[in-house]
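Q: One structure follows; several queries about it will come next.
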Amino acid sequence: MIDYRHATPADLPAIDALFRESFVATFGHLYSAENLAAFLGKFTPEAWTHEYAKPGNLFRLAEDGDGLVGYCAIGQVTLPIEPGPPAIELHQLYLAERGKGSGAAQSLMTWALETARTQDFARIVLSVFVDNHRAKRFYERYGFVDRGPYTFMVGDHADEDRLMSLTL
């Protein structure tokens with residue numbers, strides 16, 4: 014059974030641990046040790062606290078009997094998107110391996126979309142690694158549309174991400 018709740022500052026270490034575990038498991042093989050360390054080094058306790066405290070940023074957790082199984086973070090747009098109707102950004106949606114296939118990703122996405130709508134945003138935007146086919150298919154099932162390339166830096170390694178958006 015998975016329970017969902019809003020994050021508190023006390024949850025930030027668990028969010029950080031899950032972020033690192035999931036990022037390394039999914040993408041770690043793509044980068045040199047130096048680039049991976051430089052990227053992960055930006056995610057300090059202070060950085061997480063800063064992100065959590067930003068006005069408009071919200072974190073939602075999915076937990077099972079073993080602890081955090083996934084989380085979703087939404088908030089102020091940081092991506093270089095085209096001008097248009099008010100937007101919110103899906104900053105992160107990460108799951109532990111044991112959470113994949115559990116329905117947690119769908120529940121977290123539903124929360125993100127409902128929250129965006131209740132806050133009167135007209136669209137939600139995100140970026141996804143060009144070769145993360147599972148995530149791209151997931152977003153496309155919700156109606157997200159590819160809006161073009163975006164360079165995502167991991168250390169000094171430039172990855173091609175895709176900007177995606179959904180009109181709410």
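Position 29 (the sequence shown) corresponds to 42 in this note's numbering; numbering is contiguous.
Glycine residues also receive a C-beta, built at the ideal position from the N, C-alpha and C atoms.
How would you label Leu43, buried or exposed, when you count the other beta carbons within 10 angstroms and need 16 or more for buried?
A: Answer is exposed; the Cβ neighbour count stays below 16.
Q: For Tyr44, which of helix, strand or coil comes out of DSSP?
A: Residue state, collapsed to three classes: coil.
Q: Please determine if the stretch 79–92 and the stretch 106–125 are in contact, where contact requires at least 3 C-beta pairs separated by less than 8 Å.
A: At 8 Å Cβ cutoff, the stretches touch.
Q: Going by beta carbon distance, what residues of the same chain come within less than 6 Å of Ala10, once the five residues before and after it are set aside?
A: The structure shown does not extend to residue 10, since the chain is modelled only from 14 to 181, so the question has no answer here.
Q: Compare the C-alpha of Ser178 against each of Gly97, Asn70, Ser115 and Ala75 and name the closest.
A: Measuring from the Cα of Ser178, the nearest candidate turns out to be Gly97.
Q: Considering Cα atoms alone, identify which of Ala66, Thr62 and Gly41 is closest to Leu53.
A: Measuring from the Cα of Leu53, the nearest candidate turns out to be Gly41.
Q: Under the DSSP definition of a beta bridge, which residues are partnered with Gly161?
A: Gly161 is bridged to Leu176.
Q: Less than 9 Å between the C-beta atoms of Ile28 and Leu74, yes or no?
A: Contact: yes.
Q: Please state whether the Cβ-Cβ distance between Phe134 and Asp174 is less than 9 Å.
A: Cβ atoms of Phe134 and Asp174: not closer than 9 Å.
Q: How far does the alpha helix (DSSP H) with Ala117 in it extend, from its first residue to its last?
A: Counting along the chain, the alpha helix (DSSP H) containing Ala117 begins and ends at Ala117 to Thr131.
Q: Do Val167 and Leu31 count as a contact pair if the criterion is CB distance below 9 Å?
A: No, Cβ-Cβ distance for Leu31 and Val167 is not below 9 Å.
Q: So Ala13 is in the beta strand (DSSP E); what residue range does that whole segment cover?
A: The question about residue 13 has no answer here: the residues shown for the chain are numbered 14 through 181.
Q: Relative to the C-alpha of Gln105, which residue among Pro99, Gly116, Phe36 and Met14 is closest?
A: Closest by alpha carbon: Phe36.
Q: Just to confirm, is the Cβ distance from Gly69 to Ile101 under 9 Å?
A: Yes, Cβ-Cβ distance for Gly69 and Ile101 is below 9 Å.
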